[in-house]
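Asker: Quick one: the structure is below, questions incoming.
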Amino acid sequence: MKEPISSYPRVRVQADGRRVASQAGAVLLLETVRKIGLDQAISTALASWRKPRAVHDPGKILLDLALAVALGGDCLADVAMLRCEPAVFGPAASDPTVSRLIDTLAGSDEKALQAIRSARAEARSRVWSLAGKNAPDADGRVTVDIDGVLVIAHSDKEDAAATWKKTYGHHPLTAFVDHGPGGTSEPVAALLRPGNAGSNTAADHITTAQLALAQLPKRYRRGRQTLIRTDSAGGTHDFVSWLARRGRWLSYSVGMVINEAIHEHVPKIPASAWTPAVETDGGAPDGAWVAELTGRLVDGWSNGMRLIVRKERPHPGAQLRITDADGMRITCFATNTPHLPIAELELRHRLRARAEDRIRAARATGPRNLPLHTTAQNKVWLEIVQIALDLLAWMPMLALTGKARLWEPRRLRFRLFSAAAQLVTTGRRRILRLSAHWPWTGEITAALERLTLLPAPG
Numbered sequence: 080m081k082e083p084i085s086s087y088p089r090v091r092v093q094a095d096g097r098r099v100a101s102q103a104g105a106v107l108l109l110e111t112v113r114k115i116g117l118d119q120a121i122s123t124a125l126a127s128w129r130k131p132r133a134v135h136d137p138g139k140i141l142l143d144l145a146l147a148v149a150l151g152g153d154c155l156a157d158v159a160m161l162r163c164e165p166a167v168f169g170p171a172a173s174d175p176t177v178s179r180l181i182d183t184l185a186g187s188d189e190k191a192l193q194a195i196r197s198a199r200a201e202a203r204s205r206v207w208s209l210a211g212k213n214a215p216d217a218d219g220r221v222t223v224d225i226d227g228v229l230v231i232a233h234s235d236k237e238d239a240a241a242t243w244k245k246t247y248g249h250h251p252l253t254a255f256v257d258h259g260p261g262g263t264s265e266p267v268a269a270l271l272r273p274g275n276a277g278s279n280t281a282a283d284h285i286t287t288a289q290l291a292l293a294q295l296p297k298r299y300r301r302g303r304q305t306l307i308r309t310d311s312a313g314g315t316h317d318f319v320s321w322l323a324r325r326g327r328w329l330s331y332s333v334g335m336v337i338n339e340a341i342h343e344h345v346p347k348i349p350a351s352a353w354t355p356a357v358e359t360d361g362g363a364p365d366g367a368w369v370a371e372l373t374g375r376l377v378d379g380w381s382n383g384m385r386l387i388v389r390k391e392r393p394h395p396g397a398q399l400r401i402t403d404a405d406g407m408r409i410t411c412f413a414t415n416t417p418h419l420p421i422a423e424l425e426l427r428h429r430l431r432a433r434a435e436d437r438i439r440a441a442r443a444t445g446p447r448n449l450p451l452h453t454t455a456q457n458k459v460w461l462e463i464v465q466i467a468l469d470l471l472a473w474m475p476m477l478a479l480t481g482k483a484r485l486w487e488p489r490r491l492r493f494r495l496f497s498a499a500a501q502l503v504t505t506g507r508r509r510i511l512r513l514s515a516h517w518p519w520t521g522e523i524t525a526a527l528e529r530l531t532l533l534p535a536p537g
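Per my numbering, the sequence shown starts with residue 80, numbered consecutively.
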């Protein structure tokens, strides 16, 4: 019987290759680390945790873990992908050494977390300065989106509990700086909470906002140039009051629960008070309007708060909710931004949906699960994840152009980081020869050239 012809060529495999580097495209992340001084900042921040005569620097170990996560790893042992390429990534610590460091940092009563966050904030300021018009504050404003995320636990880990979605795990609060339509975003806070933590817990939202603001350059930690956006989980008196009291008032745009008073008032709003909603292209969507609510509906809230409601025709087949009125889908949010038209404010609030994309990308970069057992250990893990996400945001901001700046982690790994190369040593130089036929080799080399042109730290 004739052997069937395969669609793929048959190749012979031998395990004797030499001077070949996998994940060679990760040099983009390494060059980013060098140019922003992140390695120096983290090493300095963790210097007090380095033991006498230790071979491996704690900062290098932590950064190696972050690089492994950025390349697709999801546990401490995945640092092995760096360990097997010492010519590219340098010497990497053994698994026992890595585990001991995490245990040590976890037992430091959050002092290590504060040190890591300080190093990240220092690097962030430099990145935004280097990025110029690509920085998220290029127009003098910064938008921070706070949102919760459920992390499923597949074993009995500390503080894992039943969630509101009837799953089991943790319910951390996260915060991301929105890069707008021309970029992605970067994480600025991740507050680990038990799975049964409430969605409308004002204290947790305040803590997350404080962590997020501490990551921003000092001029954005107070004042109207910083916008805090949340969904209806942030629509509590205590959180809104905290935002209003901070300095010269932070700008905020927080979703509000449709209570009975709003539900009864919306049908009474006269037709002349409704304004057509707008889309990002300036056009008006078919069947969506916005109106501002006043009077007793805003009594008891902070001075200057504006309450804006949106009504729209549900999409065909959509099921109405109990909070909808007269067959229209009703949503509501509050803001303290004066003067701007309500349609523009409503569009600005609706763009908070980009945070869902950021959470989806984050799930592909470490927090799909929490790999360690204790809460203190997993807090350190979340800081490692945030460093990885920082690098995945900072490298495109500094080095990529066009549509490549919008690539999410999975695409960056598939097209750029996974590129293989031949490692050549000539004299005292090491050269990575990327495959000439790889479709994105040009993207990699052009990005490296842009990073090379950036000034060195210090």
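Positions of the beta carbon are idealized from the N, C-alpha and C atoms, including for glycine.
For A198, which residues of its own chain have a beta-carbon under 6 Å away from its beta-carbon, when the five flanking residues on both sides are left out?
Answerer: Closer than 6 Å at Cβ, skipping near neighbours: A120, I121, A124.
Asker: Can you name, in chain order, every residue of its own chain whose Cβ lies under 7 Å from the Cβ of G151, other than the five neighbours on each side?
Answerer: Once the five neighbours on either side are set aside, the close Cβ partners of G151 are R492.
Asker: If you measure between the beta carbons of I115 and A240, is that distance less than 7 Å?
Answerer: No, the Cβ-Cβ distance between I115 and A240 is not below 7 Å.
Asker: Check whether the Cβ atoms of A498 and L513 lie closer than 7 Å to each other.
Answerer: Yes, they are a contact pair.
Asker: In or out: P475 buried (at least 16 other Cβ within 10 Å) or exposed?
Answerer: P475 is buried by the Cβ-count criterion.
Asker: Would E425 pass as a contact of A356 if the rule is Cβ separation under 7 Å?
Answerer: In contact: E425 and A356 (Cβ atoms closer than 7 Å).
Asker: Is T453 closer than 7 Å to E237 when the C-beta atoms are compared?
Answerer: The answer is yes: Cβ separation under 7 Å.
Asker: Taking contact to mean at least 3 C-beta pairs separated by less than 8 Å, is the segment 142–160 in contact with the segment 436–450?
Answerer: Contact between the segment 142–160 and the segment 436–450 is present, because at least three Cβ pairs lie under 8 Å.
Asker: When DSSP builds the beta bridges, which residues end up paired with P273?
Answerer: Note: P273 sits in a beta bridge opposite H249.
Asker: Determine the extent of the beta strand (DSSP E) in which F318 is found, giving its start and end residues.
Answerer: Not the beta strand (DSSP E): F318 falls in the alpha helix (DSSP H), residues 316–324.
Asker: Rank T176, W128, P131 by C-alpha distance to the C-alpha of L144 and give the top, closest one.
Answerer: Out of T176, W128, P131, T176 has the C-alpha closest to the C-alpha of L144.
Asker: By alpha-carbon positions, which one of L477, W368, G383 ends up nearest to P349?
Answerer: The shortest Cα separation from P349 among L477, W368, G383 belongs to W368.
Asker: List the residues that DSSP assigns as beta-bridge partners of S330.
Answerer: S330 pairs with L306.
Asker: I need the DSSP call for R179, collapsed to helix, strand or coil.
Answerer: Helix.
Asker: Check whether the Cβ atoms of K147 and L502 lie closer than 7 Å to each other.
Answerer: In the sequence under discussion, the amino acid at residue 147 is Ala, which differs from the Lys named in the question. No, they are not a contact pair.
Asker: Hey, out of I409, A352, F255, whose CA is closest to G227's CA?
Answerer: Looking at the Cα atoms, F255 is the closest of the given residues.
Asker: Under a Cβ-count criterion, where at least 16 other Cβ atoms within 10 Å of its own Cβ denotes burial, should P534 be classed as buried or exposed?
Answerer: Flag for P534 reads exposed.
Asker: Confirm, please, whether the CB-CB distance from A352 to M384 is below 7 Å.
Answerer: No. Outside cutoff.
Asker: Classify P266 as helix, strand or coil using the three-state DSSP reduction.
Answerer: The answer is strand: DSSP assigns P266 an E or B state.
Asker: With distances taken from CA atoms, which of K458, R162, I140 is nearest R196?
Answerer: If we check each option's Cα against that of R196, K458 comes out closest.
Asker: Do you know how far the Cα of W460 is from the Cα of R272?
Answerer: Computed Cα separation, rounded: 14 Å.
Asker: What's the C-alpha gap between D257 and R433?
Answerer: Straight-line Cα distance between these residues: approximately 8 Å.
Asker: Run through DSSP, which three-state label would W473 get?
Answerer: Residue state, collapsed to three classes: helix.
Asker: Among all the DSSP beta bridges, which residues are the ones paired with I510?
Answerer: Answer by DSSP bridge pairing, in chain order: V503.
Asker: Put D153 into one of helix, strand or coil per three-state DSSP.
Answerer: Reduced to three states, the DSSP call for D153 is coil.
Asker: Taking 7 Å as the cut-off, decide whether the C-beta atoms of L180 and P215 are in contact.
Answerer: No, the Cβ-Cβ distance between L180 and P215 is not below 7 Å.
Asker: My assumption, with CB atoms under 8 Å, is that V319 sits in contact with L295. Please give the rounded CB distance.
Answerer: 20 Å between Cβ atoms; not a contact.
Asker: How would you write the range of the alpha helix (DSSP H) that R196 sits in, first residue to last?
Answerer: From DSSP, the alpha helix (DSSP H) with R196 extends over 190–210.
Asker: Quick check on the DSSP output: what are the complete beta strand (DSSP E) runs of length 3 or more inside the segment 399–466, in order along the chain?
Answerer: DSSP runs (the beta strand (DSSP E)) wholly in the segment 399–466: 408–414.
Asker: Select from R98, R300, A171 the residue whose C-alpha is nearest the C-alpha of L511.
Answerer: Of R98, R300, A171, the residue nearest in Cα terms is R98.
Asker: In three-state terms, what does DSSP make of G219?
Answerer: Of the three classes helix, strand and coil, the one that applies to G219 here is coil, per DSSP.
Asker: Please work out which residues of its chain come closer than 7 Å, Cβ to Cβ, to V90, disregarding the five sequence neighbours upstream and downstream, and give them in chain order.
Answerer: Result list for V90: empty, nothing under 7 Å.
Asker: Starting from I387, follow the alpha helix (DSSP H) in both directions and report where the run begins and ends.
Answerer: From DSSP, I387 is part of no alpha helix (DSSP H) but of the beta strand (DSSP E) over 385–391.
Asker: Within 8 Å, do at least three Cβ pairs link the segment 300–318 to the segment 332–341?
Answerer: Yes, the segment 332–341 is in contact with the segment 300–318.
Asker: Since A291 and H250 are thought to touch, with beta carbons under 8 Å apart, how far apart are those beta carbons, to the nearest angstrom?
Answerer: So it is not a contact: roughly 18 Å between Cβ atoms.
Asker: Give the secondary structure of D226 by DSSP, where H, G and I count as helix, E and B as strand, and everything else as coil.
Answerer: In this structure, D226 counts as strand in the three-state DSSP scheme.
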